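Structure record follows, encoded as structure tokens.
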Amino acid sequence: MSIWSRISLTITAIGDSISAFLAKITAPRPSPEMSIAFTIGVIALGAKMAKADGVVTGAEIAAFKQVFRVPDRELSGVARVFNLAKQDVAGYDAYARQLARLFANRPQVLEDVIDSLFHIAKADGAVHERELAFLASVAEIFGFSERDFARIKARHLPPAKDDPYVILGIEAFASDDELRKHYRKLVRDNHPDKHIAAGVPAEMIEVATERLARINAAYESVARERGL
11 MSIWSRISLT ITAIGDSISA FLAKITAPRP SPEMSIAFTI GVIALGAKMA
61 KADGVVTGAE IAAFKQVFRV PDRELSGVAR VFNLAKQDVA GYDAYARQLA
111 RLFANRPQVL EDVIDSLFHI AKADGAVHER ELAFLASVAE IFGFSERDFA
161 RIKARHLPPA KDDPYVILGI EAFASDDELR KHYRKLVRDN HPDKHIAAGV
211 PAEMIEVATE RLARINAAYE SVARERGL
């Protein structure tokens with residue numbers, strides 16, 4: 011059974027409160043339930059954020075489908091979660107706090123959430139101020155510092171998008187040895203297999219794969235510049 015089929019069954023069972031469902035999950039380690047919680051939480055935040063600029067556009071919906079790689083036959087189940095989140099009286103911060111609790115020791119998973127939301131936000135050609143404020147607020151709830159958020163944002167928005175040091179999250183004056191050690195840690199922490207093991211469903215691993223590719227490209231750029 012696909013993650014989307016399991017989500018459809020879960021939504022039928024939980025009724026009309028996504029936040030209450032997330033609050034009940036206490037799994038201490040990755041499990042099918044955690045994968046469902048991750049996916050529902052991200053969809054719910056995506057629904058809340060898609061309205062942050064005042065309107066949900068067709069481009070944002072298309073980006074949502076692309077990020078989550080939803081087969082056409084499973085769209086109805088995802089739409090139920092999306093619409094339920096829009097109608098839920100709980101604010102986006104309630105969803106964010108539940109995800110932060112569930113993945114407290116897995117910051118890379120929480121970074122997947124922020125990256126996914128950026129993909130949705132920029133789908134209409136621009137990330138609006140309200141959307142950026144939404145993303146910054148979610149990142150803060152997740153425990154990311156302003157510098158962490160700047161690093162994540164740099165993968166998506168110019169001009170920092172073209173700065174390999176910002177993408178890597180390291181100062182330009184770092185030594186070659188510090189750079190190598192930092193890069194190796196980034197590769198370990200951001201390998202897609204590690205994200206799957208932490209509870210990210212395989213259907214949604216493309217975001218982590220793209221992030222690792224950008225990290226590799228940034229390091230290669232710096233390595234060429236330094237003659238490493």
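For the sequence shown, this note's numbering gives the first residue as 11, with consecutive numbering after it. Glycine is no exception: its CB is placed at the ideal position from the N, C-alpha and C atoms. Note that the coordinates shown come from a computational prediction; the quantities given were computed from them, not determined experimentally.
Report the CB separation of L142 from Y102 in whole angstroms; it is logged as a contact under 8 Å. That pair is no contact at about 14 Å.
Confirm, please, whether the CB-CB distance from V197 to V123 is below 8 Å. no
Any contact between the region 175-183 and the region 147-162? By contact I mean 3 or more CB pairs, one from each, below 8 Å. yes
Separation of R236 from H129, as counted between CA atoms: 32 Å
CA-to-CA distance, L167 to S231, given in whole angstroms: 18 Å
Inter-residue spacing [alpha-carbon to alpha-carbon] between S45 and A136: 30 Å
Quick one: grab the DSSP three-state call for N93. helix
Measure the C-alpha to C-alpha separation of N200 and Q118 and round it to an integer number of angstroms. 7 Å
Determine the closest residue to M59 out of R111, A146 and D187, with distance taken between C-alpha atoms. A146
With the cut-off set at 8 Å, would you say D95 and I151 are in Cβ contact? Looking at the sequence itself, residue 95 is Ala, so the reference to Asp does not match. Not in contact: A95 and I151 (Cβ atoms no closer than 8 Å).
Out of L222, T219, A57 and N115, which has the shortest C-alpha to C-alpha gap to A131? A57
Length-filtered (4 minimum) alpha helix (DSSP H) runs lying within the region 111-145: 117-131
Excluding sequence positions up to five away, which residues of its chain have a Cβ less than 6 Å from the Cβ of L120? F113 and F152
To the nearest angstrom, how far is the alpha carbon of L109 from that of R90? 20 Å
Locate the alpha helix (DSSP H) running through L178, then write down its first and last residues. Boundaries of the alpha helix (DSSP H) harbouring L178: P174 to L178, taken from the DSSP string.
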